[in-house]
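The numbers in numbering that gives the first Met the number 0 rise by one with no breaks, and the one at position 364 of the sequence shown is 363.
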Amino acid sequence: MKLTGAQMVCESLIREGVDTMFGIPGGAILPLYQTFHQYPQLKHILVRHEQGAAMAADGYYRVTGKVGVAMATSGPGATNLVTGLATAQMDSTAIVAITGQVSRGAIGKDAFQECDITGVTLPVTKHNYLVMDIHDIPRVIKEAFYLAKSGRPGPVLVDIPKDLFTEEAEFIYPETVEIPGYNPTLEGNMSQIKKAASLINSAKKPVILSGHGAVLSRAFDEVKDLAERAQIPVITTLLGISSFPETHVLSLGMPGMHGVAYASMALDQADLIVSLGARFDDRVTGKLSSFAPNAKIIHIDIDPSVIGQNVRTQVPLVGDVKSVLQTLIPQVKQNNHEDWVQHIEEMRINHPSLRLKEKDNLTQQYIIKKISDITQGGAVVVTGVGQHQMWTAQYYTFSQPNSWVTSGGLGTMGFEVPAAMGAQVGKPDSVVWSICGDGGFQMTLSDLATIVENKLPIKFAIMNNHFLGMVRQWQHLFYEDTFTATQYSGNPDFVKLAEAYGIHSFRVTEKSEVDNAITDAMEHDGPVLIDFMVDPEENVYPMIPPGESVLEIVEEPTEEPTWR
0 MKLTGAQMVC ESLIREGVDT MFGIPGGAIL PLYQTFHQYP QLKHILVRHE
50 QGAAMAADGY YRVTGKVGVA MATSGPGATN LVTGLATAQM DSTAIVAITG
100 QVSRGAIGKD AFQECDITGV TLPVTKHNYL VMDIHDIPRV IKEAFYLAKS
150 GRPGPVLVDI PKDLFTEEAE FIYPETVEIP GYNPTLEGNM SQIKKAASLI
200 NSAKKPVILS GHGAVLSRAF DEVKDLAERA QIPVITTLLG ISSFPETHVL
250 SLGMPGMHGV AYASMALDQA DLIVSLGARF DDRVTGKLSS FAPNAKIIHI
300 DIDPSVIGQN VRTQVPLVGD VKSVLQTLIP QVKQNNHEDW VQHIEEMRIN
350 HPSLRLKEKD NLTQQYIIKK ISDITQGGAV VVTGVGQHQM WTAQYYTFSQ
400 PNSWVTSGGL GTMGFEVPAA MGAQVGKPDS VVWSICGDGG FQMTLSDLAT
450 IVENKLPIKF AIMNNHFLGM VRQWQHLFYE DTFTATQYSG NPDFVKLAEA
500 YGIHSFRVTE KSEVDNAITD AMEHDGPVLI DFMVDPEENV YPMIPPGESV
550 LEIVEEPTEE PTWR
């Protein structure tokens, strides 16, 4: 059958199982938008900024496993997607971005709102396309979704000139995808799996380092089975949080720069690290020459380029984490590692990183611990980037799989609002808490209008300290209290702001008000914003200074660290 290019895009999206898109129309993409009314099964959510479209698509993918879709027009519409695409690229999340481009005859002539968006996004996408023939649209859409979700997931951009949307041609949707040279390895090499099993069976002090790859492959049961079968303690990276229940006796939490001390110490003392989809980021390893000096490393990852990239690996294992573990686990002997587990428990007692300090003033740690307790660790939690992110990783006890959404690799402030929107759209029946910094929140708060418009009952907890908290902390510790461009003295009244959007909101200034505020938010059937007026000068600890080893960790200083 003959279809316009715009109809081809819609038909292709439907065949890929798409039901929700995030975007903003504009001139170059308008012919596509004018076709949406013909396809009521495609729901379009009108965001207030294209960055929000990309980040909402990101949050949607993370909680559903379905490729997120973002749309933008040419020029500034397309360039506004870039930060969201870079966030997805660093965190391996599957997004397909469809952008309009000026008509083919105007390309290269500095036409109004022309931009070489495929050139711009080349470093921050897994792949991108500029479609120049209408007959290529179905194949390109098919390939874009396949590339986005297969192998190591990532963002793919498809740029389509305006005149292709209105041109007509025969619509033929391909049944299969053939991309020469692209053939991701899913099943692990059997000889390597046997080597891995042998190392696990002979280890005396093993730990599992569970990363984002374990979450993306949905290997929740397998991680738990391996840990319990051999009684191996589980450490989760920042993005690996919620790959293993933190209520489990073998859970050690997050290591590294702001991880709990006993998790970092366990890595340091281990004789074997079983890495599941983790890339040994610098925030985990610190000084590479001093990282886990006694440990052999089994590195399981679907992306061969990250294996051996940062640390020396004894058993490299390329494949999907879930698939590899399903083959590996039957070859692992049951063990108890009683002495090792007991030693770690003693470290946990002697280094109580998560003990709340007795303070009269309102702290972020106290609030996050209360949100965790009242939700029983069962909410989907989305954060921005900074101190509140680290404290959430520390003090929220995640009991449910795949319930943590944050920007890890790129560290994108402003992620907390649109990503929460995407997560709530993806899981409409789940409680979604967006824990925000007052700085990051102001970067993308315009999508509060989108949230109200779509009746999304997200609960926002703003940690309002009138500072860029993590920047202030570094200026304090490393720059002799030279507080330059750090304080937000012009913050709006967030309660009045939320009320202007029609959002139920209130302010909390005392510890005694916290429980009722969280309970009130949970009982309200629409979006809620709580403005928590928190201690402006609290620092995140434990802390390993950048580039140093676990030996330099400062857990909870009684006097100033000597890092200056």
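Heads up, the beta-carbon is just placed ideally off N, CA and C, and yes, glycines get one too.
Exposed or buried, which one is residue i when buried takes at least 16 other CB atoms within 10 Å?
i: M54; result: buried
i: I178; result: exposed
i: N463; result: buried
i: K161; result: buried
i: S488; result: exposed
i: H336; result: buried
i: G118; result: exposed
i: N293; result: exposed
i: R471; result: buried
i: H523; result: exposed
i: K368; result: buried
i: H36; result: exposed
i: P556; result: exposed
i: M442; result: buried
i: D90; result: buried
i: K125; result: buried
i: D480; result: exposed
i: Y478; result: exposed
If the criterion is Cβ atoms closer than 8 Å, does the pair residue i and residue j meet it?
i: L41; j: D18; result: yes
i: I297; j: Q313; result: yes
i: I299; j: L275; result: yes
i: T411; j: V384; result: yes
i: I116; j: V8; result: no
i: T157; j: A143; result: The sequence as given places Val at residue 157; Thr does not occur at that position. Their beta carbons are under 8 Å apart, which means V157 touches A143 by this criterion.
i: G4; j: I159; result: yes
i: I94; j: P137; result: no
i: C435; j: A418; result: no
i: L353; j: V259; result: yes
i: G187; j: V310; result: no
i: V424; j: W403; result: no
i: A69; j: A77; result: no
i: L80; j: E49; result: yes
Just confirm the distance between the C-beta atoms of residue i and residue j, as a whole number of angstroms; I'd bet it's less than 8 Å.
i: H350; j: E554; result: 6 Å
i: L447; j: Y500; result: 5 Å
i: L251; j: P232; result: 5 Å
i: V273; j: I343; result: The Cβ separation is near 15 Å, so there is no contact.
i: T92; j: P173; result: Their Cβ separation, rounded to whole angstroms, is 25 Å, which puts T92 and P173 out of contact at 8 Å.
i: P526; j: I502; result: 5 Å
i: G99; j: G25; result: 7 Å
i: V569; j: Y145; result: Given that the chain is displayed from residue 0 to residue 563, the structure contains no residue 569 and the question cannot be resolved.
i: L185; j: G64; result: Wrong, their Cβ atoms sit about 16 Å apart, outside the cutoff.
i: S73; j: V101; result: 6 Å
i: Q486; j: F466; result: 6 Å
i: S548; j: S289; result: 4 Å
i: I457; j: Q330; result: Contact doesn't hold; Cβ gap of about 44 Å is too wide.
i: Q230; j: N401; result: Not confirmed; about 24 Å, so no contact.
Between the C-alpha atoms of residue i and residue j, what's the straight-line distance to the nearest angstrom?
i: Y394; j: G239; result: 15 Å
i: H475; j: E536; result: 10 Å
i: K295; j: E245; result: 25 Å
i: I552; j: N538; result: 14 Å
i: F414; j: E169; result: 41 Å
i: T449; j: R347; result: 44 Å
i: M189; j: V320; result: 14 Å
i: A262; j: D280; result: 15 Å
i: E113; j: I529; result: 42 Å
i: G22; j: Q268; result: 49 Å
i: Y38; j: L31; result: 11 Å
i: Y540; j: T236; result: 17 Å
i: I373; j: H211; result: 26 Å
i: S518; j: S433; result: According to the sequence displayed, residue 518 carries Thr and not Ser. Cα-Cα distance, rounded: 15 Å.
i: Q364; j: T86; result: 26 Å
i: G421; j: E15; result: 19 Å
i: N453; j: A497; result: 15 Å
i: T326; j: K332; result: 13 Å
i: K204; j: G408; result: 29 Å
i: I366; j: L355; result: 11 Å
i: S406; j: T382; result: 8 Å
Going by the DSSP bridge assignment, what does residue i pair with across the sheet?
i: V381; result: V404, S433
i: V68; result: V95
i: S567; result: With the chain represented from 0 up to 563, any question about residue 567 goes unanswered, as that position is not in the structure.
i: L2; result: A168
i: I461; result: C435, D530
i: T235; result: S209
i: L271; result: P205, K295
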